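Take the numbering used here: the final residue in the sequence shown is number 471, and no numbers are missing along the way.
The structure appears below as structure tokens.
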Amino acid sequence: MSALLDSLASGYQALPGRTELEDSRRAALADALRDGLPGTRSERWKYTPLRAFERRSFVPARQHEATLDTQALDRQALSAIPAPRLVFVNGRFDAAASDVAGLDAGVSLQTLSGLLGDGDAREVNFLARRFDRADEVFARLNAALAEEGVVLRVQDGVRQTAPVHLVFAGAPAGADLAWHSRHLIELRQDARLTVIEHHLAGGAHQHLANTLAHVHLGARAQLIHLRLQDDAVGASQLLRTDAVLAREAVYRRLDVELGAALSRHELNIALQGEGAKAIANGILLADGKRHLDTRLGIDHIARDTACDLLWRGLGAGRSRAAFHGGILIRAGADGSAASLSNKNLLLSAGAEIDTQPVLEIHADEVQAAHGAAVGQLDAASVFYLRSRGIPEAQARAMLTAAFCRQALDVIGDAAQRALFEGPLDAALARLEAA
Numbered sequence: 038m039s040a041l042l043d044s045l046a047s048g049y050q051a052l053p054g055r056t057e058l059e060d061s062r063r064a065a066l067a068d069a070l071r072d073g074l075p076g077t078r079s080e081r082w083k084y085t086p087l088r089a090f091e092r093r094s095f096v097p098a099r100q101h102e103a104t105l106d107t108q109a110l111d112r113q114a115l116s117a118i119p120a121p122r123l124v125f126v127n128g129r130f131d132a133a134a135s136d137v138a139g140l141d142a143g144v145s146l147q148t149l150s151g152l153l154g155d156g157d158a159r160e161v162n163f164l165a166r167r168f169d170r171a172d173e174v175f176a177r178l179n180a181a182l183a184e185e186g187v188v189l190r191v192q193d194g195v196r197q198t199a200p201v202h203l204v205f206a207g208a209p210a211g212a213d214l215a216w217h218s219r220h221l222i223e224l225r226q227d228a229r230l231t232v233i234e235h236h237l238a239g240g241a242h243q244h245l246a247n248t249l250a251h252v253h254l255g256a257r258a259q260l261i262h263l264r265l266q267d268d269a270v271g272a273s274q275l276l277r278t279d280a281v282l283a284r285e286a287v288y289r290r291l292d293v294e295l296g297a298a299l300s301r302h303e304l305n306i307a308l309q310g311e312g313a314k315a316i317a318n319g320i321l322l323a324d325g326k327r328h329l330d331t332r333l334g335i336d337h338i339a340r341d342t343a344c345d346l347l348w349r350g351l352g353a354g355r356s357r358a359a360f361h362g363g364i365l366i367r368a369g370a371d372g373s374a375a376s377l378s379n380k381n382l383l384l385s386a387g388a389e390i391d392t393q394p395v396l397e398i399h400a401d402e403v404q405a406a407h408g409a410a411v412g413q414l415d416a417a418s419v420f421y422l423r424s425r426g427i428p429e430a431q432a433r434a435m436l437t438a439a440f441c442r443q444a445l446d447v448i449g450d451a452a453q454r455a456l457f458e459g460p461l462d463a464a465l466a467r468l469e470a471a
């Protein structure tokens with residue numbers, strides 16, 4: 038067994054939870070330990086080799102709550118995030134920093150730990166989902182070890198007016214910690230909701246966050262799901278999101294990756310209902326020795342479904358960014374429309390960007406287009422700006438910012454857009470200063 042799996046598995050024995058989950062948890066852990074970590078021959082992991090990562094070890098976060106460096110947390114900044122909000126520090130719910138005021142009737146916002154403690158077993162049945170493929174090792178570990186997360190449900194026809202903020206902060210402790218979070222976001226038919234995730238760092242740390250999120254959208258439901266990942270430079274973030282859309286549901290999503298040493302996001306969207314639509318944008322900003330990996334799996338199952346995907350990547354320093362845009366249009370999904378654009382800028386000779394658009398069509402009468410490119414800033418555009426009296430460094434910064442900001446167009450609300458523009462501008466300034 039690798040040091041990584043050995044250390045993560047050590048958290049199983051003291052895991053609290055409901056007895057009806059014991060069998061599924063034990064089976065998931067056994068499967069993960071039996072098959073081990075995927076190697077470089079695994080297509081799904083070939084751009085994120087785990088050889089160095091498997092030699093690391095982590096301590097379950099629960100065992101080091103007392104060593105949390107609370108001075109590193111900017112409590113004022115946390116409280117400035119509007120309510121309703123739930124705050125988690127090192128994977129543990131922080132009730133003092135959370136505020137659920139402003140939730141409309143028909144909206145239920147609970148922690149997974151609360152439901153495991155005294156909720157109805159049916160409320161946590163999503164934890165028992167099995168993951169069959171050997172390369173789903175982190176999903177299996179999450180199924181075995183998750184003890185905290187968010188369960189957010191919106192009833193039929195309810196339209197939550199204020200965005201729900203979910204805050205995940207990491208802070209130094211006495212060891213490199215690991216935690217496994219599991220989220221469920223469920224919108225019944227005709228419901229509407231905006232969720233904004235903040236992944237932040239309070240001080241330097243090298244923790245591992247292994248997160249798995251389920252998104253279920255009923256008929257004609259609409260979810261805006263925005264995520265900012267600005268974690269510590271030494272952190273590791275492993276995230277998988279599985280979304281299922283019913284008839285005419287709309288899932289609008291943004292992922293902005295600015296931090297962490299290793300960040301891998303697998304976004305799977307199943308367009309199960311006729312007329313379902315996914316609009317997803319993202320930014321991968323890799324600098325230093327950062328490794329960012331995003332893997333999309335869009336599955337057109339029903340007729341007249343649509344996806345519109347736009348990702349922008351930057352590579353600087355000795356970083357590496359990887360993007361896989363997989364779109365499958367199944368037999369019977371006639372009338373579907375799919376669009377994918379992935380453009381990347383290499384800003385240094387030592388950086389590497391890999392992009393792999395994959396379009397698989399088994400239906401008739403579809404509209405599909407995809408494109409990917411890796412290049413450098415357009416010299417003609419730089420020259421044009423310089424001819425207008427703008428210094429070269431400023432010209433390059435302006436073009437780089439404009440290149441990235443295109444992905445933010447998925448946000449229609451100005452205040453919500455500002456939440457992302459500030460950190461993005463700070464990250465871009467970091468590139469210029471390097």
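All C-beta atoms in this analysis are idealised placements derived from N, C-alpha and C, irrespective of residue type, glycine included.
All of these numbers come straight from a predicted model, not from anything done at the bench.
Cut-off 8 Å between Cβ atoms - residues of its own chain near residue i, not counting five sequence neighbours on either side
i, result
"alanine 142", "Val195"
"serine 39", "Gly73, Leu74, Glu91, Arg92"
"serine 94", "Ala40, Leu41, Asp43, Ser44, Asp213"
"arginine 167", "Ser61, Ala64, Ala65, Ala180"
"proline 121", "Asp136, Val137, Ala138, Gly139, Leu140, Leu146, Ala199, Val201, His202"
Same chain, Cβ closer than 6 Å to residue i, neighbours up to 5 away in sequence not counted
i, result
"leucine 189", "Leu146, Ile222"
"alanine 98", "Asn127, Gly128, Leu214, Trp216"
"valine 96", "Ala212, Leu214"
"leucine 245", "Phe95, Ala215, Ser273"
"alanine 134", "Leu115, Val124"
"alanine 375", "Cys344, Ile364, Ala405"
"valine 252", "Ile222, Ala280"
Whole-angstrom C-beta distance between residue j and residue i, which should lie under 8 Å
i, j, result
"alanine 444", "leucine 465", "Contact flag wrong, Cβ pair sits at about 13 Å."
"aspartate 522", "leucine 237", "Outside the shown range of the chain (38 to 471) lies residue 522, about which nothing can therefore be said."
"leucine 276", "histidine 302", "5 Å"
"alanine 323", "glycine 352", "5 Å"
"glycine 240", "alanine 272", "Incorrect: roughly 11 Å between the Cβ atoms, too far for contact."
"leucine 436", "glutamine 413", "With 8 Å as the limit, leucine 436 and glutamine 413 do not qualify as a contact, their Cβ atoms being about 11 Å apart."
"leucine 224", "valine 201", "Wrong, their Cβ atoms sit about 12 Å apart, outside the cutoff."
"valine 320", "cysteine 441", "First, the residue type needs correcting, since residue 320 is isoleucine and not valine in the sequence shown. At roughly 5 Å, the Cβ-Cβ gap stays under 8 Å, so isoleucine 320 and cysteine 441 are in contact."
"alanine 17", "valine 191", "Here the chain covers residues 38 to 471 and nothing more, so residue 17 does not appear."
"isoleucine 427", "valine 411", "At roughly 26 Å, the Cβ-Cβ gap does not stay under 8 Å, so isoleucine 427 and valine 411 are not in contact."
"glutamine 309", "alanine 258", "At roughly 13 Å, the Cβ-Cβ gap does not stay under 8 Å, so glutamine 309 and alanine 258 are not in contact."
"leucine 333", "histidine 361", "7 Å"
"glycine 312", "valine 270", "So it is not a contact: roughly 43 Å between Cβ atoms."
"tyrosine 84", "alanine 359", "4 Å"
"leucine 347", "asparagine 305", "That belief does not hold up - the Cβ atoms of leucine 347 and asparagine 305 are roughly 18 Å apart, past 8 Å."
Cβ-based neighbour list, residue i, same chain, cut-off 7 Å, excluding 5 preceding and 5 following
i, result
"isoleucine 398", "Ile366, Ala405"
"glutamate 429", "Val419, Arg423"
"aspartate 401", "Asp371"
Cα-Cα separation between residue i and residue j, rounded to whole angstroms
i, j, result
"threonine 148", "alanine 183", "12 Å"
"alanine 132", "serine 424", "56 Å"
"arginine 433", "leucine 377", "26 Å"
"arginine 78", "proline 86", "10 Å"
"histidine 407", "valine 395", "8 Å"
"leucine 282", "serine 373", "14 Å"
"aspartate 155", "leucine 164", "15 Å"
"phenylalanine 125", "alanine 109", "14 Å"
"aspartate 15", "glycine 354", "Only positions 38 to 471 of the chain appear in this structure, which leaves residue 15 out of reach."
"aspartate 345", "aspartate 446", "12 Å"
"serine 150", "arginine 71", "28 Å"
"leucine 299", "arginine 327", "6 Å"
"leucine 203", "arginine 219", "13 Å"
"glycine 186", "leucine 422", "48 Å"
"lysine 380", "glutamine 113", "37 Å"
"leucine 254", "alanine 416", "45 Å"
"leucine 384", "threonine 56", "53 Å"
"valine 403", "alanine 256", "23 Å"
Proximity test, residue i beta-carbon vs the ligand FMN heavy atom, cut-off 7 Å
i, result
"leucine 260", "Ligands are entirely absent from the displayed structure, and the ligand FMN is therefore not among its contents."
Classification of residue i by the beta-carbon crowding that lies within 10 angstroms, buried from 16 upward
i, result
"histidine 193", "In the sequence as presented, histidine is not what sits at residue 193; that position holds aspartate. Flag for aspartate 193 reads exposed."
"glutamine 50", "exposed"
"threonine 198", "exposed"
"threonine 331", "buried"
"phenylalanine 420", "exposed"
"aspartate 250", "Here residue 250 turns out to be alanine, not aspartate, going by the sequence shown. So alanine 250 counts as buried."
"glycine 296", "buried"
"threonine 107", "exposed"
"threonine 104", "exposed"
"glutamate 59", "exposed"
"aspartate 336", "buried"
"glycine 350", "buried"
Contact between the region 166-179 and the region 59-74 (3+ Cβ pairs under 8 Å): The region 59-74 and the region 166-179 touch, with three or more beta-carbon pairs separated by less than 8 Å.
Three CB pairs or more closer than 8 Å across the region 115-134 and the region 84-96: no
Touching by the beta-carbon criterion (3+ pairs, under 8 Å), the region 149-162 and the region 251-264: no
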